[in-house]
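Peer 1: To start, I am sharing the structure in question, which I have written as C-alpha coordinates.
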Amino acid sequence: MLLAKVCCIITAIQALGQCMEAFDVLVLYRNEMNWWIGDDSDSTPKQLKVQRFLKDVSTQWDSTYQMLICFSYSRLPLTKAMKGTISEFKDMKKFALTLDEWDKVDGMIKVLQYPYEVQMVMANQKLPILVAAIPAFEQFISKWECAAKHYNELSEPIDAGLVIAYKYYSRFDNTGAYVVAMFIHPAIKLTHIEKEWDAPYIVKAKQLIKDIVHDYHYNIQSSR
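776 is the number of the first residue of the sequence shown in this note's numbering; add one for each residue after it.
Structure below.
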(Lines of atoms letter the chains of each structure in order from A and count residues from 1; the text may use other names and numbers.)
(Lines give C-alpha, C1' and ligand atoms only; values in the text may rest on other atoms or scores of the structure.)
Protein backbone atom coordinates (compact mmCIF):
# COMPACT_ATOMS: atom_id res chain seq x y z
CA MET A 1 0.00 0.00 0.00
CA LEU A 2 1.35 3.41 -1.02
CA LEU A 3 0.48 5.11 2.26
CA ALA A 4 2.45 2.48 4.19
CA LYS A 5 5.38 2.99 1.83
CA VAL A 6 5.33 6.75 2.51
CA CYS A 7 5.42 6.04 6.25
CA CYS A 8 8.39 3.70 5.77
CA ILE A 9 10.31 6.37 3.87
CA ILE A 10 9.68 8.95 6.57
CA THR A 11 10.63 6.47 9.29
CA ALA A 12 13.87 5.63 7.45
CA ILE A 13 14.85 9.30 7.29
CA GLN A 14 13.89 10.01 10.89
CA ALA A 15 15.50 6.85 12.28
CA LEU A 16 19.03 8.22 12.17
CA GLY A 17 19.91 11.78 13.07
CA GLN A 18 22.79 11.60 10.61
CA CYS A 19 20.39 10.78 7.79
CA MET A 20 18.08 13.66 8.71
CA GLU A 21 21.02 16.05 8.90
CA ALA A 22 22.30 14.85 5.53
CA PHE A 23 18.85 15.46 4.04
CA ASP A 24 18.87 19.05 5.31
CA VAL A 25 22.34 19.59 3.84
CA LEU A 26 21.16 18.15 0.53
CA VAL A 27 18.28 20.62 0.37
CA LEU A 28 20.37 23.66 1.33
CA TYR A 29 23.34 22.80 -0.90
CA ARG A 30 21.23 22.35 -4.01
CA ASN A 31 19.38 25.55 -3.13
CA GLU A 32 22.70 27.42 -3.31
CA MET A 33 23.55 25.76 -6.61
CA ASN A 34 20.06 26.41 -8.04
CA TRP A 35 19.76 22.73 -8.88
CA TRP A 36 16.18 22.09 -7.75
CA ILE A 37 14.28 22.01 -11.04
CA GLY A 38 10.99 20.14 -11.24
CA ASP A 39 9.72 17.72 -13.86
CA ASP A 40 7.04 20.14 -15.07
CA SER A 41 7.31 22.71 -17.84
CA ASP A 42 8.59 25.34 -15.40
CA SER A 43 12.38 25.19 -15.59
CA THR A 44 12.88 27.94 -12.99
CA PRO A 45 15.11 26.69 -10.14
CA LYS A 46 13.20 26.29 -6.88
CA GLN A 47 14.33 27.36 -3.43
CA LEU A 48 13.06 24.75 -0.99
CA LYS A 49 12.59 25.06 2.75
CA VAL A 50 14.02 22.49 5.10
CA GLN A 51 11.09 20.30 6.15
CA ARG A 52 10.48 18.26 9.27
CA PHE A 53 8.53 15.24 8.14
CA LEU A 54 5.31 14.43 9.94
CA LYS A 55 3.72 11.02 10.42
CA ASP A 56 0.04 10.28 10.69
CA VAL A 57 -1.27 9.46 14.14
CA SER A 58 -4.58 7.88 15.11
CA THR A 59 -5.43 10.67 17.58
CA GLN A 60 -5.37 13.44 14.94
CA TRP A 61 -7.69 12.82 12.02
CA ASP A 62 -6.02 15.25 9.58
CA SER A 63 -2.46 14.06 10.31
CA THR A 64 -2.43 11.89 7.15
CA TYR A 65 -3.21 14.97 5.05
CA GLN A 66 -0.48 16.99 6.79
CA MET A 67 2.00 14.14 6.38
CA LEU A 68 1.37 13.91 2.63
CA ILE A 69 1.62 17.69 2.20
CA CYS A 70 5.10 17.74 3.75
CA PHE A 71 6.12 14.63 1.84
CA SER A 72 4.98 15.99 -1.54
CA TYR A 73 6.69 19.34 -0.91
CA SER A 74 10.02 17.51 -0.57
CA ARG A 75 9.50 15.46 -3.73
CA LEU A 76 12.67 16.72 -5.46
CA PRO A 77 15.14 16.04 -2.62
CA LEU A 78 13.38 12.76 -1.78
CA THR A 79 13.69 11.60 -5.38
CA LYS A 80 17.38 12.48 -5.34
CA ALA A 81 17.94 10.68 -2.02
CA MET A 82 16.08 7.56 -3.15
CA LYS A 83 18.31 7.16 -6.19
CA GLY A 84 20.84 5.70 -3.76
CA THR A 85 23.81 7.60 -5.23
CA ILE A 86 24.53 9.50 -1.98
CA SER A 87 26.22 7.40 0.70
CA GLU A 88 23.97 8.60 3.54
CA PHE A 89 20.90 7.41 1.60
CA LYS A 90 22.23 4.25 -0.02
CA ASP A 91 19.64 2.10 1.80
CA MET A 92 16.73 4.20 0.53
CA LYS A 93 16.97 3.07 -3.08
CA LYS A 94 14.51 0.27 -2.30
CA PHE A 95 11.87 2.90 -1.44
CA ALA A 96 12.07 4.80 -4.75
CA LEU A 97 8.65 5.95 -5.96
CA THR A 98 7.56 5.73 -9.57
CA LEU A 99 5.99 8.70 -11.37
CA ASP A 100 2.63 6.92 -11.09
CA GLU A 101 3.07 6.62 -7.32
CA TRP A 102 3.91 10.31 -7.01
CA ASP A 103 0.75 11.10 -8.98
CA LYS A 104 -1.24 8.96 -6.54
CA VAL A 105 0.28 10.88 -3.61
CA ASP A 106 -0.94 14.12 -5.22
CA GLY A 107 -4.35 12.51 -5.74
CA MET A 108 -4.60 11.53 -2.07
CA ILE A 109 -3.73 15.09 -1.06
CA LYS A 110 -6.52 16.51 -3.22
CA VAL A 111 -9.04 13.98 -1.90
CA LEU A 112 -8.14 14.62 1.75
CA GLN A 113 -8.15 18.37 1.16
CA TYR A 114 -11.96 18.45 0.93
CA PRO A 115 -12.77 17.27 4.48
CA TYR A 116 -9.83 19.31 5.74
CA GLU A 117 -11.31 22.49 4.24
CA VAL A 118 -14.67 21.78 5.89
CA GLN A 119 -12.97 21.26 9.23
CA MET A 120 -11.09 24.55 8.81
CA VAL A 121 -14.31 26.42 8.01
CA MET A 122 -15.80 25.23 11.28
CA ALA A 123 -12.64 25.57 13.37
CA ASN A 124 -11.80 29.09 12.19
CA GLN A 125 -15.04 30.48 13.56
CA LYS A 126 -14.65 31.98 17.00
CA LEU A 127 -18.21 30.90 17.68
CA PRO A 128 -19.11 27.91 15.46
CA ILE A 129 -22.77 27.99 14.45
CA LEU A 130 -25.16 25.30 13.27
CA VAL A 131 -26.01 27.22 10.12
CA ALA A 132 -22.64 26.29 8.59
CA ALA A 133 -22.86 22.57 9.36
CA ILE A 134 -25.18 21.30 6.62
CA PRO A 135 -23.82 23.41 3.69
CA ALA A 136 -20.23 22.52 4.60
CA PHE A 137 -21.00 18.81 4.97
CA GLU A 138 -22.97 18.73 1.72
CA GLN A 139 -20.11 20.43 -0.13
CA PHE A 140 -17.65 17.87 1.22
CA ILE A 141 -19.86 14.92 0.16
CA SER A 142 -20.40 16.40 -3.30
CA LYS A 143 -16.67 16.85 -3.87
CA TRP A 144 -15.90 13.32 -2.70
CA GLU A 145 -18.55 11.90 -5.02
CA CYS A 146 -16.86 13.68 -7.93
CA ALA A 147 -13.41 12.58 -6.72
CA ALA A 148 -14.49 8.91 -6.67
CA LYS A 149 -15.23 9.18 -10.40
CA HIS A 150 -12.07 11.16 -11.20
CA TYR A 151 -9.52 9.16 -9.19
CA ASN A 152 -10.26 5.57 -10.17
CA GLU A 153 -7.37 4.19 -8.14
CA LEU A 154 -8.74 5.88 -5.00
CA SER A 155 -12.42 5.14 -5.57
CA GLU A 156 -12.52 2.22 -3.12
CA PRO A 157 -11.33 4.17 -0.02
CA ILE A 158 -13.39 7.19 -1.09
CA ASP A 159 -16.53 5.05 -1.37
CA ALA A 160 -15.82 3.56 2.06
CA GLY A 161 -15.51 7.08 3.48
CA LEU A 162 -18.73 8.15 1.78
CA VAL A 163 -20.63 5.31 3.45
CA ILE A 164 -19.67 6.78 6.83
CA ALA A 165 -20.37 10.33 5.62
CA TYR A 166 -23.87 9.35 4.45
CA LYS A 167 -24.51 7.70 7.81
CA TYR A 168 -23.71 10.89 9.73
CA TYR A 169 -25.47 13.11 7.20
CA SER A 170 -28.68 11.11 7.66
CA ARG A 171 -28.59 12.01 11.35
CA PHE A 172 -29.31 15.62 10.46
CA ASP A 173 -32.88 14.42 9.89
CA ASN A 174 -33.15 13.48 13.57
CA THR A 175 -33.36 17.12 14.59
CA GLY A 176 -34.82 20.24 13.08
CA ALA A 177 -32.16 22.45 14.67
CA TYR A 178 -30.05 22.71 11.52
CA VAL A 179 -32.99 23.67 9.30
CA VAL A 180 -34.18 26.26 11.81
CA ALA A 181 -30.65 27.64 12.18
CA MET A 182 -30.45 28.26 8.44
CA PHE A 183 -33.96 29.69 8.27
CA ILE A 184 -33.42 32.31 10.97
CA HIS A 185 -30.02 33.37 9.61
CA PRO A 186 -30.73 36.64 7.71
CA ALA A 187 -28.16 35.89 4.99
CA ILE A 188 -29.41 32.37 4.26
CA LYS A 189 -33.04 31.78 5.24
CA LEU A 190 -34.35 29.22 2.72
CA THR A 191 -31.91 29.99 -0.11
CA HIS A 192 -29.59 27.02 0.45
CA ILE A 193 -32.46 24.58 0.98
CA GLU A 194 -34.36 25.70 -2.13
CA LYS A 195 -31.21 25.68 -4.26
CA GLU A 196 -29.52 22.45 -3.14
CA TRP A 197 -32.24 20.13 -1.83
CA ASP A 198 -34.67 17.91 -3.73
CA ALA A 199 -38.34 18.89 -3.77
CA PRO A 200 -39.57 16.40 -1.11
CA TYR A 201 -36.95 17.62 1.37
CA ILE A 202 -37.79 21.26 0.63
CA VAL A 203 -41.45 20.57 1.42
CA LYS A 204 -40.45 18.73 4.59
CA ALA A 205 -38.18 21.57 5.73
CA LYS A 206 -40.85 24.22 5.13
CA GLN A 207 -43.45 22.17 6.99
CA LEU A 208 -41.05 21.75 9.89
CA ILE A 209 -40.59 25.51 10.13
CA LYS A 210 -44.35 26.11 9.94
CA ASP A 211 -44.97 23.56 12.70
CA ILE A 212 -42.35 25.12 14.97
CA VAL A 213 -43.74 28.63 14.40
CA HIS A 214 -47.28 27.37 15.01
CA ASP A 215 -46.27 25.64 18.26
CA TYR A 216 -44.37 28.71 19.40
CA HIS A 217 -47.33 30.97 18.68
CA TYR A 218 -49.70 28.56 20.47
CA ASN A 219 -47.48 28.43 23.56
CA ILE A 220 -47.26 32.23 23.68
CA GLN A 221 -51.03 32.56 23.45
CA SER A 222 -51.57 29.87 26.09
CA SER A 223 -49.27 31.55 28.57
CA ARG A 224 -51.26 34.80 28.57
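Note that beta-carbon positions come from the ideal geometry of N, C-alpha and C, so glycine has one too. The model shown is predicted, which means the values in this text are computed figures rather than measured ones.
Are the Cβ atoms of Leu887 and Thr834 separated by less than 8 Å?
Peer 2: What you label residue 887 is simply residue 112 of the sequence shown in a count that begins at 1. What you label residue 834 is simply residue 59 of the sequence shown in a count that begins at 1. Not in contact: Leu887 and Thr834 (Cβ atoms no closer than 8 Å).
Peer 1: Within 10 Å of its beta-carbon, does Leu872 have 16 or more other beta-carbons around it, so buried, or fewer, so exposed?
Peer 2: Your numbering for residue 872 matches position 97 in the sequence shown. Buried: at least 16 other Cβ atoms inside 10 Å.
Peer 1: Pull up the distance between the alpha-carbon of Lys830 and that of Leu823, whole angstroms please.
Peer 2: Translated into the one-based positions of the sequence shown, residue 830 becomes position 55. Translated into the one-based positions of the sequence shown, residue 823 becomes position 48. Looking at the two C-alpha atoms, the distance is approximately 20 Å.
Peer 1: Using the Cβ count rule (16 or more neighbours within 10 Å means buried), how would you classify Arg827?
Peer 2: Residue mapping note: residue 827 aligns to position 52 of the sequence shown, counting from 1. Classification of Arg827: exposed, given that the 10 Å Cβ count is below 16.
Peer 1: Taking the alpha-carbon positions, what's the Tyr804 to Gln841 distance?
Peer 2: For the purposes of this step, residue 804 is taken as the residue at position 29 of the sequence shown. For the purposes of this step, residue 841 is taken as the residue at position 66 of the sequence shown. If you take the alpha carbons of Tyr804 and Gln841, they lie about 26 Å apart.
Peer 1: Check each candidate in Leu874, Ile884 and Met867 and name the one with the smallest Cα separation from Cys783.
Peer 2: By 1-based counting over the sequence shown, the position of residue 783 is 8. Checking every option, the nearest Cα to that of Cys783 belongs to Met867.
Peer 1: Taking C-beta to C-beta, are Val1015 and Leu843 nearer than 8 Å?
Peer 2: Residue 1015 is absent from the structure shown; the chain starts at 776 and stops at 999.
Peer 1: Can Ile909 and Met957 be called in contact, C-beta distance under 8 Å?
Peer 2: Numbered from 1 along the sequence shown, position 134 holds the residue referred to as residue 909. Numbered from 1 along the sequence shown, position 182 holds the residue referred to as residue 957. Going by C-beta atoms, Ile909 is nearer than 8 Å to Met957.
Peer 1: Could you check if Met897 is buried or exposed, using at least 16 other CB atoms within 10 Å of its CB as the buried criterion?
Peer 2: Counted from its first residue, the sequence shown places residue 897 at position 122. So Met897 ends up on the exposed side.
Peer 1: What did DSSP end up calling Phe828 once you bin it into helix, strand or coil?
Peer 2: The count along the sequence shown starts at 1 and reaches residue 828 at position 53. Phe828: coil per DSSP, three-state reduction.
Peer 1: Looking only at C-alpha atoms, which of Trp811, Met795, Leu929 and Lys964 sits nearest to Glu876?
Peer 2: Within the sequence shown, residue 876 is the residue found at index 101, counting from 1. Nearest C-alpha to Glu876: Leu929.
Peer 1: Here's the rule: buried if 16 or more other CB atoms are within 10 angstroms of the residue's CB, otherwise exposed. What is Ser862?
Peer 2: Translated into the one-based positions of the sequence shown, residue 862 becomes position 87. That one is exposed.
Peer 1: With a floor of 3 residues, list each beta strand (DSSP E) that falls wholly inside the segment 879-938, ordered by position along the chain.
Peer 2: none
Peer 1: Confirm, please, whether the CB-CB distance from Ala980 to Ile968 is below 8 Å.
Peer 2: Here residue 968 corresponds to residue number 193 of the sequence shown, with the count starting at 1. Here residue 980 corresponds to residue number 205 of the sequence shown, with the count starting at 1. In contact: Ile968 and Ala980 (Cβ atoms closer than 8 Å).
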